[in-house]
């Protein structure tokens with residue numbers, strides 16, 4: 003990110019330090035994108051000490067608060083001082099010549115992760131009180147007459163390389179990054195050396211016979227070699243992009259060799275060929291007669307004859323005396339010397355470095371354009387493959403496991419950046435040092451960065467084709483009869499498809515399968531909130547879940563299939579009316595209903611879900627599974643309604659606060675359970691006993707293990723052997739019921755435990771309910787984790803994502819003091835308190851972590867309940883500190899008084915989120 007000042011006396015520039023380029027064969031310099039900004043700052047906003055800002059921090063923190071440390075006045079600025087700390091780079095310089103407008107004085111360079119954040123950072127800088135607070139600055143009257151755009155100007159740093167009217171401060175930055183005095187910095191010298199050697203290396207790759215690479219000091223390149231478009235010749239690419247516009251490359255190479263070239267030494271003429279291959283002298287023998295060396299005397303006679311012939315002048319009659327004067331003045335001049343061809347010059351590494359230094363002093367932007375076009379970034383690190391051969395070689399090392407790991411990593415990265423993979427540039431994909439500790443990307447740590455980005459570009463292109471042309475035409479319904487159907491093959495290859503691609507196809511299908519149109523009124527159910535007053539419900543029949551199941555059982559499922567919720571007035575499957583309460587709007591009551599039924603499902607009131615046994619030993623604490631027991635007709639209807647609730651949440655895009663084990667989502671999407679992993683997650687005690695059984699060596703160890711198990715479950719003694727406990731072939735199921743086993747059933751408990759996790763009877767009822775709301779063939783593309791994300795969202799609140807989807811109404815601004823107190827208080831909240839705040843503000847504990855606005859469309863409707871709206875309180879009576887926070891849950895609107903301090907804001911917010919627990923609190 004880049005910031006530059008155009009106000010009064012100083013300039014700060016925040017600029018991305020990561021260059022963008024492509025493969026040298028298809029690079030387009032004007033498409034070299036960079037996540038960077040240039041912002042003009044008021045004078046004196048840069049401190050004396052630069053502060054490093056990592057790429058991750060620049061995403062997680064508001065840029066306005068990140069620049070708060072720059073609010074100190076700039077004192078004792080020395081000309082040409084510079085420093086480079088982390089990913090922050092600052093340069094300050096004084097211009098002795100008077101500028102016609104406002105002189106530029108300094109800038110800072112900070113790296114950010116994604117170009118998609120440029121507009122967000124631009125808005126944050128425009129709203130930053132640290133950057134716009136001009137009341138204490140000199141020349142206040144003049145500055146206050148300026149608009150915000152005149153004070154702050156924003157532009158991408160890499161675009162400045164192609165802008166002839168770019169900021170001169172950024173030219174200083176690029177010069178300082180390339181030169182140190184009259185010499186190249188070591189990193190720039192190494193990169194230029196590699197570019198120089200690539201010319202000879204590319205020719206050697208085409209040679210049939212291998213050759214030992216010569217020393218760099220012994221390489222002499224001709225104009226034909228430099229101008230050769232051999233694959234991998236980066237020197238040709240470099241000179242193509244460094245040349246001035248409207249100038250032929252061949253003419254420029256002639257001028258460069260004339261000035262920076264040197265003649266090839268005589269001893270080098272036979273040692274190396276044009277391609278740099280060492281040659282051995284051989285005798286040329288004629289087929290007609292042998293060539294013999296003449297005797298010394300004859301050789302002397304021949305030389306004297308040649309000399310006499312060369313000195314003999316032609317007899318030409320002079321036309322005038324004036325014509326003969328030049329010949330008289332230059333008697334040594336001969337026709338042989340007139341026909342001499344100028345000696346050919348060659349480019350050496352030293353000459354190439356001297357050319358780059360001189361060119362950088364004239365036009366540093368062209369030098370950097372050439373470096374980026376050769377596949378390097380602003381860190382002088384290779385970020386693109388050299389040519390197609392290099393790309394093919396790198397692609398052969400990829401495996402299925404690596405592709406799936408890369409797709410999952412990109413999904414997490416895009417979720418963090420709140421953008422789609424289609425908006426992620428390949429050069430924005432790289433592993434941070436913090437990612438090295440993640441076991442999910444361990445197989446990608448040894449992959450070169452250029453290979454990683456090339457593979458992402460391939461997957462990105464594949465997903466675009468799948469979303470646009472292929473998947474809309476494919477029948478995704480699975481059949482056991484045709485194992486090689488497209489649906490079956492897609493299920494095996496679903497690890498290659500990005501989550502956002504699957505969601506886009508899923509949303510398109512859901513909107514195409516709408517059954518209830520706008521002409522039909524929405525079904526309405528009536529719930530009695532007085533039945534649950536007191537926090538504990540005595541009878542299951544009085545719960546919201548059972549009340550809604552009874553009333554919706556007689557409504558056709560076609561009337562419950564509505565389009566995806568969007569905009570400020572979404573359409574939901576049904577409306578809810580609470581007895582004795584006057585509710586305005588349908589969104590708040592519908593979201594409260596879903597939150598309440600999830601709370602009931604995970605309580606002891608309903609027996610549909612069961613706490614997993616592993617939670618007893620603090621593993622997967624709070625996770626639930628379907629109760630594994632024979633079901634009655636009434637329970638089957640309740641499970642059917644539970645499946646419908648999952649469909650309601652998907653169409654309404656309201657994340658359900660359900661904590662279910664991964665084994666439930668596996669069975670829901672039709673994947674087989676893992677006998678080891680899923681059993682360990684659900685019942686760690688049983689899994690440990692199974693491992694002990696597999697490691698038994700003799701009968702004595704078996705009896706000891708059986709005694710240990712029996713002592714924990716049955717304290718009975720065998721009548722035949724009173725000293726040994728009774729070890730019957732029985733086991734306790736998850737509902738604590740004793741089940742008899744068949745004889746010789748040593749491994750039968752494993753199969754029975756897995757069958758309880760599979761629970762086909764209950765899962766069939768849930769899938770039937772889900773299939774009545776959404777097409778089940780959509781589950782073919784989803785993994786268990788993606789199905790959980792689509793239905794339940796993330797169990798935590800991303801405060802930065804919420805802040806980015808917030809609107810300020812009735813004249814409020816993000817820079818207002820009480821608004822800053824508000825966000826500061828939320829940053830001090832725990833995740834539990836944040837969930838309580840979201841429940842207080844919009845009647846749901848979880849909010850969507852994605853939004854259609856991440857696609858970049860300016861007019862794209864938000865997913866409800868976004869955006870969050872902050873407005874002033876109703877009325878003006880009373881002191882602000884004595885007033886309370888009120889909300890309108892249907893609109894996700896918070897009416898916030900102007901509290902005088904952060905402590906007051908914390909106190910009022912905590913009071914509000916705990917007070918809403920009262921069901922009669924209006």
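In the working numbering, the protein residues as written are 3 to 924.
Think of the CB as a built atom: it goes at the ideal place given N, C-alpha and C, for glycine as much as any other residue.
Among 914, 667, 197, whose alpha-carbon lies nearest the alpha-carbon of residue 626?
That would be 667, whose Cα lies nearest to the Cα of residue 626.
Residue 671 and residue 783 closer than 7 Å at C-beta:
No; because the gap between Cβ atoms is not below 7 Å, this pair is not in contact.
Using only the alpha-carbon positions, how far apart do residue 259 and residue 380 sit?
Cα-Cα distance, rounded: 28 Å.
Quick check: the region 827–846 against the region 518–535, are at least 3 beta-carbon pairs closer than 8 Å?
The region 518–535, when compared against the region 827–846, does not touch it at the 8 Å Cβ threshold.
Measure the CB-CB distance between residue 771 and residue 636 and report whether it falls below 7 Å.
7 Å or more divides the Cβ of residue 771 from the Cβ of residue 636.
Between which two residues does the beta strand (DSSP E) holding residue 870 run?
Element bounds for residue 870: 870–873.
Got a sec? Which residues, its chain only, sit under 7 Å from residue 755 by beta carbon, not counting five neighbours each side?
Here residue 755 has 681, 685, 688 as same chain residues with Cβ atoms under 7 Å from its own Cβ, once five neighbours each way along the sequence are excluded.
Does the region 652–662 touch the region 784–800, meaning 3 or more C-beta pairs lie closer than 8 Å?
A contact exists between the region 784–800 and the region 652–662.
Nearest neighbour of residue 606, chosen from 545, 634, 568, 619 [CA to CA]
Closest option to residue 606, judged by alpha-carbon separation, among 545, 634, 568, 619: 545.
Compute the distance between the beta-carbons of residue 844 and residue 868, then report whether it is under 7 Å.
Result no, Cβ atoms of residue 844 and residue 868 do not sit closer than 7 Å.
If you pair each beta-carbon of the region 477–486 with each one of the region 401–414, do three or more pairs fall below 8 Å?
Fewer than three beta-carbon pairs drawn from the region 477–486 and the region 401–414 are found closer than 8 Å, and the two stretches are therefore not classed as touching.
Residues bridged to residue 809 (per DSSP)
DSSP output for residue 809 lists 871 as bridge partner(s).
Assumed close pair residue 871, residue 894 - CB separation to whole angstroms, cut-off 8 Å
The pair is a contact, with the Cβ atoms about 6 Å apart (cut-off 8 Å).
Option nearest residue 228 by Cα separation, candidates 354, 265, 444, 916:
It is 354 whose Cα lies nearest to the Cα of residue 228.
Helix, strand or coil for residue 384 per DSSP?
Of the three classes helix, strand and coil, the one that applies to residue 384 here is strand, per DSSP.
Proximity winner among 641, 510, 225, 418, relative to residue 804 (alpha-carbon distances)
Minimum Cα distance to residue 804 is reached at 418.
Report yes if the CB atom of residue 566 is closer than 7 Å to the CB atom of residue 512, and no otherwise.
Contact flag set, yes.
Consult DSSP for residue 724 and reduce its assignment to one of helix, strand or coil.
Any reading at residue 724 must be qualified, since the residue scores a pLDDT of 42, below 50, and its modelled position is unreliable; the value itself is stated next. The answer is coil: DSSP assigns residue 724 none of H, G, I, E or B.
For residue 819, count neighbouring Cβ atoms within 10 angstroms of its own Cβ and tell me buried if that reaches 16, exposed if not.
Per the 10 Å Cβ criterion, exposed.
Span of the alpha helix (DSSP H) holding residue 345?
It is not in any alpha helix (DSSP H) - residue 345 carries neither H nor E in the DSSP assignment.
Is the beta carbon of residue 550 sitting closer than 7 Å to the one on residue 640?
Against a cut-off of 7 Å, the Cβ pair of residue 640 and residue 550 comes out as no contact.
How many Å lie between residue 817 and residue 907 at the Cα?
Each residue's Cα considered, the two are about 16 Å apart.
Own chain partners of residue 707 with C-beta closer than 8 Å, once the 5 adjacent residues on each side are dropped:
Residues 691, 694, 695, 698 of the same chain have their beta carbon placed closer than 8 Å to that of residue 707, with the five preceding and five following residues left out of the count.
On a CA-only basis, which of 806, 877, 437, 631 is nearest residue 121? Give me that one, please.
Looking at the Cα atoms, 806 is the closest of the given residues.
Quick one, are the C-beta atoms of residue 242 and residue 251 less than 7 Å apart?
Going by C-beta atoms, residue 242 is nearer than 7 Å to residue 251.
Can you tell me which of the three DSSP states residue 484 falls into?
Residue 484 falls in the coil class under three-state DSSP.
Helix, strand or coil at residue 588 according to DSSP, with G and I counted as helix
Three-state result, residue 588: coil.
Under a Cβ-count criterion, where at least 16 other Cβ atoms within 10 Å of its own Cβ denotes burial, should residue 105 be classed as buried or exposed?
Note that residue 105 has pLDDT 43, beneath the 50 cutoff, so the model's placement of it is unreliable and the number below is only indicative. In this structure residue 105 is buried. Its beta-carbon is surrounded by 16 or more other beta-carbon atoms within 10 angstroms.
With a cut-off of 8 Å on the beta carbons, I'd call residue 647 and residue 614 a contact; round off their distance for me.
The beta-carbon separation of residue 647 and residue 614, rounded to 21 Å, does not stay under the 8 Å limit for a contact.
I'd like to know whether the C-beta atoms of residue 596 and residue 656 end up nearer to each other than 7 Å.
In this structure, residue 656 lies closer than 7 Å to residue 596 by Cβ.
Per DSSP, what kind of secondary structure is residue 893 in: helix, strand or coil?
Here residue 893 sits in coil by DSSP.
Closest to residue 837 by CA distance: which of 403, 888, 914 is it?
The option with the nearest alpha carbon to residue 837 is 914.
Given a threshold of 16 other Cβ atoms within 10 Å of its Cβ, counted over all protein chains shown, does residue 174 qualify as buried or as exposed?
Result: buried.
Using a Cβ-Cβ cutoff of less than 8 Å, which residues in the same chain neighbour residue 849 once the five nearest sequence positions on both sides are dropped?
Around residue 849: 657, 795, 799, 804, 840, 867, 868.
Which residues in the same chain have their Cβ closer than 7 Å to the Cβ of residue 400, if we skip the five residues on either side of it in sequence?
457.
Any idea which residues DSSP pairs residue 265 with across the strands?
Under DSSP, residue 265 shares a beta bridge with 347.
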